[in-house]
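Taking it in order: structure first as structure tokens, then the write-up.
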Amino acid sequence: MRDAWEIVKKEFVCDMRSRTGLGTGVLFAVSSAVSLGLAGSKFEASASVIAGLTWAAVLFTSVVAVSRTFIAEEEAKTADLLRVFGRMSAVFWGKVVYASAVMICLGFLQAGLVLVLLSGSVADPLMFIASLASGCCTLAVGLTVCSSMAARAGGGAGLAGVMAIPLLLFVLAPGIAALRASLGDPLPNAWASVVALVGFGSALCAAGPYAFAAAWKS
Amino acid sequence: MSGRYVWLVLLIVGYAALLVTYSNAPGALGFPVPDLAKIIFFHVPPAMLCTVFFLWAAIMGIRYVSSRKPYFDMATQASVEIGTLLCALATVTGMMFAKAQWGKYWEWDPRQTSILIQLLIYLAYFALRSAFTDRDRAAKVTATYAAFAFITVPFLVWVLPRVVAFTKHEGANQAVVGGQLDSTYRTIFWIATVYVFALAVTAYKWRIAALQIEKTREVTNGLASMDATDTRVLRPVPLHSDGRSEEDEE
Amino acid sequence: MLSARGLAKWYGGARVFEGVHFDLVRGDILAITGPNGSGKSTLLRIIAGLETQTNGDVERSASDALGYAGPELGLYAHLTGAEHVSFVSALRSVAPDFGVLAYVGLSGAEHKRIGAYSTGMKSRLRLALALIGRPVLLLLDEPGASLDAQGRRLVADIVREQAKQGAVLLATNDPEERLLADMELRLDA
Numbered sequence: 488m489r490d491a492w493e494i495v496k497k498e499f500v501c502d503m504r505s506r507t508g509l510g511t512g513v514l515f516a517v518s519s520a521v522s523l524g525l526a527g528s529k530f531e532a533s534a535s536v537i538a539g540l541t542w543a544a545v546l547f548t549s550v551v552a553v554s555r556t557f558i559a560e561e562e563a564k565t566a567d568l569l570r571v572f573g574r575m576s577a578v579f580w581g582k583v584v585y586a587s588a589v590m591i592c593l594g595f596l597q598a599g600l601v602l603v604l605l606s607g608s609v610a611d612p613l614m615f616i617a618s619l620a621s622g623c624c625t626l627a628v629g630l631t632v633c634s635s636m637a638a639r640a641g642g643g644a645g646l647a648g649v650m651a652i653p654l655l656l657f658v659l660a661p662g663i664a665a666l667r668a669s670l671g672d673p674l675p676n677a678w679a680s681v682v683a684l685v686g687f688g689s690a691l692c693a694a695g696p697y698a699f700a701a702a703w704k705s
Numbered sequence: 063m064s065g066r067y068v069w070l071v072l073l074i075v076g077y078a079a080l081l082v083t084y085s086n087a088p089g090a091l092g093f094p095v096p097d098l099a100k101i102i103f104f105h106v107p108p109a110m111l112c113t114v115f116f117l118w119a120a121i122m123g124i125r126y127v128s129s130r131k132p133y134f135d136m137a138t139q140a141s142v143e144i145g146t147l148l149c150a151l152a153t154v155t156g157m158m159f160a161k162a163q164w165g166k167y168w169e170w171d172p173r174q175t176s177i178l179i180q181l182l183i184y185l186a187y188f189a190l191r192s193a194f195t196d197r198d199r200a201a202k203v204t205a206t207y208a209a210f211a212f213i214t215v216p217f218l219v220w221v222l223p224r225v226v227a228f229t230k231h232e233g234a235n236q237a238v239v240g241g242q243l244d245s246t247y248r249t250i251f252w253i254a255t256v257y258v259f260a261l262a263v264t265a266y267k268w269r270i271a272a273l274q275i276e277k278t279r280e281v282t283n284g285l286a287s288m289d290a291t292d293t294r295v296l297r298p299v300p301l302h303s304d305g306r307s308e309e310d311e312e
Numbered sequence: 029m030l031s032a033r034g035l036a037k038w039y040g041g042a043r044v045f046e047g048v049h050f051d052l053v054r055g056d057i058l059a060i061t062g063p064n065g066s067g068k069s070t071l072l073r074i075i076a077g078l079e080t081q082t083n084g085d086v087e088r089s090a091s092d093a094l095g096y097a098g099p100e101l102g103l104y105a106h107l108t109g110a111e112h113v114s115f116v117s118a119l120r121s122v123a124p125d126f127g128v129l130a131y132v133g134l135s136g137a138e139h140k141r142i143g144a145y146s147t148g149m150k151s152r153l154r155l156a157l158a159l160i161g162r163p164v165l166l167l168l169d170e171p172g173a174s175l176d177a178q179g180r181r182l183v184a185d186i187v188r189e190q191a192k193q194g195a196v197l198l199a200t201n202d203p204e205e206r207l208l209a210d211m212e213l214r215l216d217a
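Written out as structure tokens, the structure is:
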């Protein structure tokens, strides 16, 4: 596990010094939240509208912030350094943990801004946190796997996005349902949506290492 | 005319005959507009069978990754191609079905949504495949994608309708699966399904044959461009301290 | 220690090499030579696990650590030399030994970011990283290509020292580097 943690630390240090991944993600999250706020400034947005806009924005932010994780490594040929010296599982889980942490930060930042700008309020904080956190982690896992495949193809973040967005569109349905419920929309079985999110994320986590291994060693 | 063409003509003529025969059948119960329900012969079989082909693509993809036998890569590619074609057919006919039954081409019904998402997921397979320059790597990564992408299918088919609170497919599902169709209608429906399956399997086998010809041509061209020393075995030779190797001495 | 059996690499319909066989045991130094495009680097990358062969097998004991240094091995522009040593040591699960940086002639440059390194300094750092964890098998791809005379002597030292504890596979076109080897595999043969 120590080597996976080293990957997380390396990602953080490189990100902080280059200000590309996280910095770009923060700027995108803020500017997209502001555009949503501007678009909705002339009407009172319902909980379902806020939830839908928030998740659509979080999905696109995840593509901007996370999809380059392996593409940048392949472009700089540092992926070879990881292949020669690192364990494959450590590389995968290190990347997933860092991507999840980034997405949780960006997801909450973006959701908070959309809520403020569209005058929404949280009625069930626990469900708000659970749905956003589980959804963001699921997006991070899916994008990490897609990024590893797109990187092997020599494709850019665009290709990773084309692959990841349809694969992760499922997240929107339970994500929006749970977020609506957390904003006060009375929905029956809203926690079932959180369970669906966790289930989907778990399935991606279970299959992700195998898919990553096949792409990484190709 | 070779046997395979006779087989295809029989399939197409048979399917057309079935549809013509049934054009005068009474409307199906369980649908808002029973008279316009016959599109299920075009719509439901592709919708069901595309998932079968995607499952087959996942199985073939896993077999390719574990064995690296080119046949399994071709099978994965052919399955995704046929599955995507069926998925596109199901999406388009589904829109026509929705317009006829519910008055709108698109309703964001969970079944409509899930088939559209499946279509996008498998279209990305082609984007990924075309991005590679190294064909061995393309085969391995796209086989992996075909297997990985199938994880979403159970969630789209079974979980999504339960998360999204409404579905307009309820009546149609009950009519088709719940046995509310009259027996003639049901018989024709299942025969049509078998026909579409046979057509799709025929197309799948033809596609694999075409891919095999392509592969053979590529290898033959490669070999033809090489000189006559192709089969030589390369082994190290001892090197003397003055830089001469045993090969030089010979 | 390392066996290659019938290794072949094709890119699409184009053959790079075919029928490569060799066995390496402790103390062996094998030079892989051949003109540009003959597949020297590709062969090393296949053995390092960075590429897959089209045909053939590579047998290597999983417990034998492998070191690799090649001109295409990327380095993190925003990390320093010392941070690279620390990172690779952690990946290898060994305690970092920063003395390796002095050994390859990078004293005084440990805390500079790689973005400020010259091509020769990067080559030296790659050599240092390849030595971390005392690998049994060392793969060097054109190790002296961008090094000065002192750097080339360093490469010779590294190769000779490595032969005492394991084996070396050296892809080179340099006549002096070729002389370090006791066996030669010509890919243009």
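Chains as they are written, first to last, in the working numbering: chain S, 488 to 705; chain E, 63 to 312; chain H, 29 to 217.
Built from N, CA and C at the ideal position, the CB exists for glycine as well.
Residues of chain H with CB under 9 angstroms from E/Pro-132, in chain order?
In chain order: nothing, as chain H lies at least about 11 angstroms away.
Of the choices E/Leu-70, E/Ala-205, E/Pro-132, E/Cys-112, whose alpha-carbon is the least far from that of H/Asn-83?
Answer by Cα proximity: E/Pro-132.
Top-ranked residue by Cα proximity to H/Ile-186, from H/Arg-43, H/Pro-163, H/Asn-201:
Out of H/Arg-43, H/Pro-163, H/Asn-201, H/Pro-163 has the C-alpha closest to the C-alpha of H/Ile-186.
From E/Ser-141 to S/Gly-512, what distance separates their C-alpha atoms?
Straight-line Cα distance between these residues: approximately 37 angstroms.
Look up E/Asp-314 in the DSSP assignment and say whether it is helix, strand or coil.
Because residue 314 of chain E is not part of the residues shown, which for chain E are 63 to 312, the question remains open.
CB-CB under 7 angstroms to E/His-302, same chain, minus the five flanking residues each way: which ones, in chain order?
Cβ within range, chain order: n/a, list empty.
Taking all protein chains shown into account, do 16 or more other C-beta atoms lie within 10 angstroms of the C-beta of E/His-105, making it buried, or fewer, making it exposed?
Buried, by the Cβ-count rule.
Is there a Cβ from chain S that is less than 8 angstroms from the Cβ of E/Arg-173?
Using beta-carbon distances, E/Arg-173 does not count as an interface residue toward chain S, since no partner is under 8 angstroms.
How about E/Ile-177: is its C-beta nearer than 8 angstroms to some C-beta of chain S?
No, its Cβ sits nowhere closer than 8 angstroms to a Cβ of chain S.
Which of the three DSSP states, helix, strand or coil, is assigned to H/His-106?
Reduced to three states, the DSSP call for H/His-106 is coil.
Partners in chain S for H/Ala-209, counting only beta-carbon separations shorter than 9 angstroms
Per Cβ cutoff of 9 angstroms: no residues; H/Ala-209 is ~22 angstroms from chain S at best.
is_contact[S/Arg-639, chain E] using C-beta, thresh 8 angstroms
Against chain E, the CB of S/Arg-639 has a partner CB under 8 angstroms away; the residue lies at that interface.
Can you have a look at S/Leu-613 and say buried or exposed, based on whether 16 or more other CB atoms are within 10 angstroms of its CB?
With fewer than 16 other Cβ atoms inside 10 Å of its own Cβ, S/Leu-613 counts as exposed.
What separation, rounded to the nearest whole angstrom, lies between the Cα atoms of S/Ser-618 and S/Ala-526?
In a straight line, the C-alpha of S/Ser-618 is about 25 angstroms away from that of S/Ala-526.
With DSSP run on the structure shown, which of helix, strand or coil describes E/Phe-188?
The answer is helix: DSSP assigns E/Phe-188 an H, G or I state.
Quick one: which chain S residues come within Cβ less than 7 angstroms of H/Tyr-131?
Within chain S, not a single residue places a beta-carbon under 7 angstroms from that of H/Tyr-131; the smallest gap is close to 18 angstroms.
Three or more C-beta pairs under 8 angstroms: does that hold for the segment 111-121 of chain E against the segment 136-151 of chain E?
Because the criterion of three Cβ pairs below 8 angstroms is met, the segment 111-121 of chain E and the segment 136-151 of chain E touch.
The beta strand (DSSP E) enclosing H/Ser-31, as first and last residue numbers:
Note, H/Ser-31: beta strand (DSSP E), 30-39.
Taking the beta strand (DSSP E) that H/Glu-219 falls in, what are its first and last residues?
An answer regarding residue 219 of chain H cannot be provided, because it is not within the stretch 29 to 217 covered by chain H.
Indicate whether at least one CB of chain S lies closer than 8 angstroms to the CB of H/Leu-119.
With a threshold of 8 angstroms between beta carbons, H/Leu-119 makes contact with chain S.
Indicate whether E/Arg-125 and S/Ser-705 have their beta-carbon atoms separated by less than 8 angstroms.
Contact flag unset, no.
Selection from S/Ser-608, S/Gly-581, S/Leu-659 that minimises the alpha carbon distance to S/Phe-547
Here the closest residue by C-alpha is S/Leu-659.
Shorter than 8 angstroms from the beta carbon of H/Leu-213 to some beta carbon of chain E?
Any Cβ of chain E closer than 8 angstroms to the Cβ of H/Leu-213 would place that residue at the interface, and such an atom is present.
On the three-state DSSP scale, how would you describe E/Pro-107?
Annotated three-state conformation of E/Pro-107 is helix, per DSSP.
Quick one: any contact between the segment 142-158 of chain E and the segment 262-270 of chain E, if contact means 3 or more CB pairs under 8 angstroms?
Contact between the segment 142-158 of chain E and the segment 262-270 of chain E is established, with three or more Cβ pairs separated by less than 8 angstroms.
Tell me which same chain residues have a C-beta within less than 7 angstroms of the C-beta of S/Val-495, skipping the five on either side of it?
So the list reads Gly-581, Val-584, Tyr-585, once near-sequence residues are dropped.
With a cut-off of 8 angstroms, does the C-beta of S/Thr-511 fall near any C-beta of chain H?
So, not an interface residue.
Give a yes or no on whether 8 angstroms exceeds the smallest Cβ distance from S/Met-590 to chain E.
Output row for S/Met-590: interface = no.
Since E/Val-203 and S/Ala-566 are thought to touch, with beta carbons under 8 angstroms apart, how far apart are those beta carbons, to the nearest angstrom?
That pair is no contact at about 14 angstroms.
Where S/Asp-502 falls: helix, strand or coil (DSSP):
Residue state, collapsed to three classes: helix.
Strictly below 7 angstroms CB to CB, what residues from chain S border E/Arg-199?
Neighbours of E/Arg-199 across chain S, judged by C-beta separation under 7 angstroms: Arg-639, Ser-705.
Please list, in chain order, the chain H residues whose beta carbon lies closer than 7 angstroms to that of E/Asp-196.
Chain H residues near E/Asp-196: Tyr-39.
When the cut-off is 8 angstroms and only beta carbons count, does H/Ala-76 lie next to chain S?
With 8 angstroms as the cut-off, H/Ala-76 counts as an interface residue toward chain S.
Looking at H/Val-132 and H/Ile-160, is the spacing between their C-beta atoms short of 8 angstroms?
Going by C-beta atoms, H/Ile-160 is not nearer than 8 angstroms to H/Val-132.
Alpha carbon of S/Pro-653 to alpha carbon of S/Ala-627, nearest angstrom:
Distance from the CA of S/Pro-653 to the CA of S/Ala-627, rounded to the nearest whole angstrom, comes to 14 angstroms.
With a threshold of 16 other CB atoms inside 10 Å of the CB of S/Glu-531, please say whether the residue is buried or exposed.
When all chains shown are included, S/Glu-531 counts as exposed.
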